[in-house]
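A.B. asks: Dropping a structure here in structure tokens format, bear with me for questions.
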Amino acid sequence: MTPGRGARAVVIAAAFLFAGLSITLAAAGPLLPVSPAQVLRMALEAPRLIDYEGTKVITALRGGRMETVTVVESHKRPNMLRLEFLSPEDVAGRLIVDDGTTVWHYEPRLNLAFADRTLDSGLLSRDLTLLLRNYRLSLLGTDEVIGRQAYVIALDPMGSGVLRQLWVDRATGTVLRGEDRDEARGVVLTTYFSRISFSLNLPQAYFQYRTPAGARVFTMHIADRETSSPAALEARVRFPVLIPPVLPEGYTFRGAALTRFGNLASVYLRYSDGGNLISFFEAPAGSIGWPSFGQPVRVAAQAGRFVDLGYFRVLIWEQRGLRLTAVGTAPTDTLMAVASRIAAGQEQALVTDVSRRVDSDPATVRRLRGEGLTFPEVTRVLVLSRHLGTDLPTTIQFMRGALTVTDLARQLKVRPEVVKRTVQEAMDRASTVPPEAPASPPAIPALLPVAAP
Amino acid sequence: MTMNHHRAGQLLSAYLDGELPSPEAAAVQEHMLDCQACREAYAGLRATKGLLGRLPLAEPPAEFWSAVRERGQRRETPPARWRLSLPPRWMWAVATAVVVLILATVPLIKGTVDRLHATEIGVDLYVREHARQMSLEPLADRAYLNLVAGDADLVVVGETPRAGDGSK
Chain V
4 MTPGRGARAV VIAAAFLFAG LSITLAAAGP LLPVSPAQVL RMALEAPRLI DYEGTKVITA
64 LRGGRMETVT VVESHKRPNM LRLEFLSPED VAGRLIVDDG TTVWHYEPRL NLAFADRTLD
124 SGLLSRDLTL LLRNYRLSLL GTDEVIGRQA YVIALDPMGS GVLRQLWVDR ATGTVLRGED
184 RDEARGVVLT TYFSRISFSL NLPQAYFQYR TPAGARVFTM HIADRETSSP AALEARVRFP
244 VLIPPVLPEG YTFRGAALTR FGNLASVYLR YSDGGNLISF FEAPAGSIGW PSFGQPVRVA
304 AQAGRFVDLG YFRVLIWEQR GLRLTAVGTA PTDTLMAVAS RIAAGQEQAL VTDVSRRVDS
364 DPATVRRLRG EGLTFPEVTR VLVLSRHLGT DLPTTIQFMR GALTVTDLAR QLKVRPEVVK
424 RTVQEAMDRA STVPPEAPAS PPAIPALLPV AAP
Chain H
659 MTMNHHRAGQ LLSAYLDGEL PSPEAAAVQE HMLDCQACRE AYAGLRATKG LLGRLPLAEP
719 PAEFWSAVRE RGQRRETPPA RWRLSLPPRW MWAVATAVVV LILATVPLIK GTVDRLHATE
779 IGVDLYVREH ARQMSLEPLA DRAYLNLVAG DADLVVVGET PRAGDGSK
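Top line first, the protein sequences correspond to chains V and H.
Sequential numbering of the first sequence, starting at 4, is according to this note's numbering.
Sequential numbering of the second sequence, starting at 659, is according to this note's numbering.
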């Protein structure tokens with residue numbers, strides 16, 4: 004080795020040593036100040052950037068008791084997942100493999116396999132926009148989870164649904180620990196990794212499923228692959244599709260599909276606030292009977308049944324020859340109030356009322372309803388589109404979080420502050436034209452103000 | 659076609675069973691118009707067949723079938739000519755009625771079974787779809803939601819739901 008080469012090698016080694024030392028010091032040193040929105044963004048982006056494999060402990064409310072489940076969870080970016088359940092005994096050995104196209108569930112004690120399509124994971128920007136609009140986000144501090152530094156953030160829904168606390172790994176953005184709290188029942192779900200390894204370069208083959216010999220395979224393509232509007236679905240089924248007139252604050256239409264299982268064809272509408280989901284299933288009353296369990300209730304004088312599954316609540320009721328089922332994490336009162344508003348069946352009266360109040364033609368209001376919008380959303384879309392001068396599809400995209408204020412400002416070639424101010428003015432105007440307030444006392448606002456991010 | 663008395667007498671049984679081609683059947687019919695003896699023979703034949711049809715089916719003794727099997731095994735060559743014996747018309751009518759009844763009843767039974775099945779699995783089916791869709795919500799725990807959907811899978815295909823540990 005020449006003296007020049009030797010000196011260069013020493014310099015390179017020193018540089019590596021310095022870089023390594025810097026990373027170590029940074030990891031151990033004080034946390035830089037970050038905003039809760041930055042931590043949330045990290046957590047949302049992590050699955051698309053990081054591979055990991057770890058043992059997760061899940062404790063969830065199930066059938067009135069807390070159940071603890073242990074699972075080995077492996078994730079390969081962007082959306083491959085492998086879950087091997089270890090305990091309790093009746094779930095031990097269960098394997099879930101999602102290769103990004105098909106999700107497989109294998110049940111070893113029965114030698115049964117189930118195949119279903121992987122669902123489209125959607126848009127990151129929409130998720131972030133909805134979460135920032137609909138949740139009070141706060142950074143609670145930092146904590147250590149399995150020896151790793153984590154930011155602790157809380158997402159408190161402005162409407163109803165579970166309050167979520169997340170321990171977000173400082174280095175990778177992976178959620179190391181989570182806690183979902185129901186306002187009536189306290190903690191309903193906790194999850195934490197008892198060990199985790201990153202940057203393993205997990206092989207693709209680990210996420211490929213092979214059916215064991217002799218296993219019976221059930222193909223569970225129950226829901227349509229494509230999502231469509233309630234109006235489009237109504238043209239395909241022989242019964243009217245009922246769209247919720249009002250929903251808790253922040254919930255917006257996420258999609259609709261036809262689900263089929265045997266003779267049972269149901270329309271499935273789902274509404275999300277970015278962190279919680281309420282699903283509505285509608286089927287002809289004759290195609291399905293009442294479940295033998297649950298608590299009998301009355302929904303706007305109609306017979307109904309309430310089933311408390313623990314983390315999820317289910318409300319079933321009948322109206323106009325239809326059987327409707329709502330599933331969600333929303334409180335019982337909220338589900339009951341939403342159901343009561345649907346059961347009240349005042350569609351035509353509300354169409355007339357809203358079109359008169361916002362000076363629009365009833366056909367436009369009906370068309371927007373057919374897109375799955377609640378009446379407060381219809382009002383806001385019509386008012387906002389006039390204030391901004393945007394067409395209705397663009398305004399709907401904005402309302403649903405698919406477009407941010409910045410996106411809209413870019414389209415309109417104005418500053419974001421101008422859009423933000425106009426949106427606020429439009430929302431103030433829209434909030435003065437509510438439809439009738441709900442009969443029950445739930446936390447469902449007549450009109451839902453939007454805090455534009 | 660004209661037919662003599664002897665030939666018509668031979669064909670009466672086949673005529674009664676509707677097995678004759680149209681020209682021969684017409685000839686037998688024409689002959690019977692003029693032949694009192696054949697008319698009486700035909701009436702007697704019809705009465706006998708009617709009585710036979712009303713008789714209950716006798717079960718052969720158990721050894722009958724073993725004897726038939728033995729004979730079948732011993733026989734090396736098939737008979738020179740097989741006579742195809744079709745069931746009488748009334749049996750076709752009964753069989754058709756049974757098939758129609760089955761076709762009419764099966765959807766009703768299936769509909770009832772489907773309704774009963776939908777009643778049993780309806781909630782689980784919907785919870786399954788909800789859990790799957792909720793697993794797309796950002797920050798929702800996919801492991802837990804896949805556990806819920808997996809439990810529902812079992813119920814939907816008719817397996818007993820798991821009990822859980824109830825550890826706390």
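Virtual Cβ for every residue (Gly too), placed ideally from N, Cα, C.
From Leu353/V to Arg359/V, what distance separates their C-alpha atoms?
C.D. replies: Looking up residue 353/V in the first sequence gives position 350. Looking up residue 359/V in the first sequence gives position 356. Whole-angstrom Cα-Cα distance: 10 Å.
A.B. asks: Our contact map puts Arg85/V next to Val72/V with C-beta atoms below 8 Å; I'd like the distance itself, whole angstroms only.
C.D. replies: Working through the first sequence from its first residue, we reach residue 85/V at position 82. Working through the first sequence from its first residue, we reach residue 72/V at position 69. Contact flag wrong, Cβ pair sits at about 16 Å.
A.B. asks: How would you label Arg51/V, buried or exposed, when you count the other beta carbons within 10 angstroms and need 16 or more for buried?
C.D. replies: Sequence index remark: in the first sequence, residue 51/V carries index 48 (1-based). Burial call: exposed.
A.B. asks: What residues from chain H crowd round Asp146/V, counting only those whose CB sits closer than 7 Å?
C.D. replies: For this step, residue 146/V is matched to residue 143 along the first sequence. Going along chain H, no residue has its Cβ under 7 Å from Asp146/V, so there is no contact; the nearest lies around 17 Å.
A.B. asks: Given a threshold of 16 other Cβ atoms within 10 Å of its Cβ, counted over all protein chains shown, does Gln694/H qualify as buried or as exposed?
C.D. replies: Here the question's residue 694/H lines up with position 36 in the second sequence. It is exposed - the Cβ of Gln694/H has fewer than 16 other Cβ atoms within 10 Å.
A.B. asks: Quick one: is Ala306/V buried, meaning 16 or more other Cβ sit within 10 Å of its Cβ, or exposed?
C.D. replies: Within the first sequence, numbered from 1, the residue matching residue 306/V stands at position 303. It is exposed - the Cβ of Ala306/V has fewer than 16 other Cβ atoms within 10 Å.
A.B. asks: So, Glu252/V versus Gly331/V, is the Cβ gap smaller than 7 Å?
C.D. replies: Residue mapping note: residue 252/V aligns to position 249 of the first sequence, counting from 1. Residue mapping note: residue 331/V aligns to position 328 of the first sequence, counting from 1. No, these two residues do not count as a Cβ contact at 7 Å.
A.B. asks: For a contact meaning CB atoms closer than 9 Å, what does Gly816/H contact in chain V?
C.D. replies: For the purposes of this step, residue 816/H is identified with residue 158 of the second sequence, where counting begins at 1. Simply none; closest approach about 10 Å.
A.B. asks: Please classify Gln211/V as buried or exposed, where buried requires at least 16 neighbouring CB atoms within 10 angstroms.
C.D. replies: Here residue 211/V refers to the residue found at position 208 of the first sequence. By the neighbour-count rule (16 or more Cβ atoms within 10 Å), Gln211/V is not buried but exposed.
A.B. asks: Span of the beta strand (DSSP E) holding Tyr673/H?
C.D. replies: In the second sequence, counting from the first residue as 1, residue 673/H sits at position 15. In the DSSP assignment, Tyr673/H falls outside any beta strand (DSSP E) and lies within the alpha helix (DSSP H) extending over 663 to 674.
A.B. asks: Taking 7 Å as the threshold (C-beta atoms), are Leu327/V and Trp320/V in contact?
C.D. replies: Sequence index remark: in the first sequence, residue 320/V carries index 317 (1-based). Sequence index remark: in the first sequence, residue 327/V carries index 324 (1-based). Yes, they are a contact pair.
A.B. asks: Check the Cβ-Cβ distances between Val813/H and every residue of chain V, and say whether any is below 7 Å.
C.D. replies: Translated into the one-based positions of the second sequence, residue 813/H becomes position 155. With 7 Å as the cut-off, Val813/H does not count as an interface residue toward chain V.
A.B. asks: Alpha carbon to alpha carbon, how far is Phe196/V from Ala40/V?
C.D. replies: Taking the first sequence and counting its residues from 1, one reaches residue 196/V at position 193. Taking the first sequence and counting its residues from 1, one reaches residue 40/V at position 37. Going from the Cα of Phe196/V to the Cα of Ala40/V covers about 23 Å.
A.B. asks: Which residues mark the beginning and the end of the alpha helix (DSSP H) in which Phe401/V is found?
C.D. replies: Walking along the first sequence from the start, residue 401/V turns up at place 398. Counting along the chain, the alpha helix (DSSP H) containing Phe401/V begins and ends at 395 to 402.
A.B. asks: Using a C-beta to C-beta distance shorter than 9 Å, which residues of chain H count as neighbours of Gly278/V?
C.D. replies: By one-based count along the first sequence, residue 278/V stands at place 275. Simply Glu795, Pro796, Leu797, Ala798.
A.B. asks: Taking 7 Å as the CB-CB limit, is Ala801/H close to chain V?
C.D. replies: Here residue 801/H refers to the residue found at position 143 when the second sequence is read from its first residue. With 7 Å as the cut-off, Ala801/H counts as an interface residue toward chain V.
A.B. asks: Find out if the Cβ-Cβ distance for the pair Ala260/V, Tyr271/V is shorter than 7 Å.
C.D. replies: As a first step, residue 260/V must be located in the first sequence, where it is residue number 257. As a first step, residue 271/V must be located in the first sequence, where it is residue number 268. Contact: yes.
A.B. asks: Given Gly181/V, which residues of its chain have a CB within under 8 Å of its CB, disregarding the five upstream and five downstream residues?
C.D. replies: Translated into positions along the first sequence, residue 181/V becomes position 178. Closer than 8 Å at Cβ, skipping near neighbours: Arg167, Gln168, Leu169, Trp170, Leu192, Thr193, Thr194, Tyr195.
A.B. asks: Just grab the DSSP bridge partners of Glu688/H for me.
C.D. replies: Counting from 1 along the second sequence, the entry for residue 688/H is found at position 30. Partner(s): none; Glu688/H has no beta bridge.
A.B. asks: Taking the beta strand (DSSP E) that Met83/V falls in, what are its first and last residues?
C.D. replies: Locating residue 83/V in the first sequence gives position 80, counting from the first residue. Where Met83/V is concerned, the enclosing beta strand (DSSP E) stretches over 83 to 90.
A.B. asks: Could you say if the segment 241 to 250 of chain V and the segment 131 to 140 of chain V meet the contact criterion of at least three C-beta pairs nearer than 8 Å?
C.D. replies: no
A.B. asks: Tell me, please, whether the CB atom of Thr73/V is closer than 7 Å to any CB atom in chain H?
C.D. replies: Taking the first residue of the first sequence as 1, we reach residue 73/V at position 70. With 7 Å as the cut-off, Thr73/V does not count as an interface residue toward chain H.
A.B. asks: Pull up the DSSP beta-bridge partners for Arg308/V, would you.
C.D. replies: Counting from 1 along the first sequence, the entry for residue 308/V is found at position 305. For Arg308/V, which the question treats as bridged, DSSP gives the partners Pro299/V, Ile319/V.
A.B. asks: Taking any Cβ of chain H, which residues in the segment 321 to 336 of chain V have a Cβ under 7 Å from it, in chain order?
C.D. replies: Here the close residues are Thr328, Val330.
A.B. asks: Would Ala63/V pass as a contact of Tyr314/V if the rule is Cβ separation under 7 Å?
C.D. replies: Translated into positions along the first sequence, residue 63/V becomes position 60. Translated into positions along the first sequence, residue 314/V becomes position 311. Yes.
A.B. asks: Taking just the CA atoms, how far does Ala46/V sit from Asp119/V?
C.D. replies: As a working mapping, residue 119/V is identified with position 116 in the first sequence. As a working mapping, residue 46/V is identified with position 43 in the first sequence. If you take the alpha carbons of Asp119/V and Ala46/V, they lie about 27 Å apart.
A.B. asks: Please return the same chain residues whose Cβ sits closer than 6 Å to the Cβ of Pro81/V, not counting the five positions on each side in sequence.
C.D. replies: The sequence position of residue 81/V within the first sequence is 78, counting from 1. So the list reads Arg51, once near-sequence residues are dropped.
A.B. asks: Taking only the alpha-carbon atoms, compute the straight-line gap between Pro233/V and Glu76/V and give it to the nearest angstrom.
C.D. replies: By one-based count along the first sequence, residue 233/V stands at place 230. By one-based count along the first sequence, residue 76/V stands at place 73. Using only the alpha carbons, I get a separation of about 36 Å.
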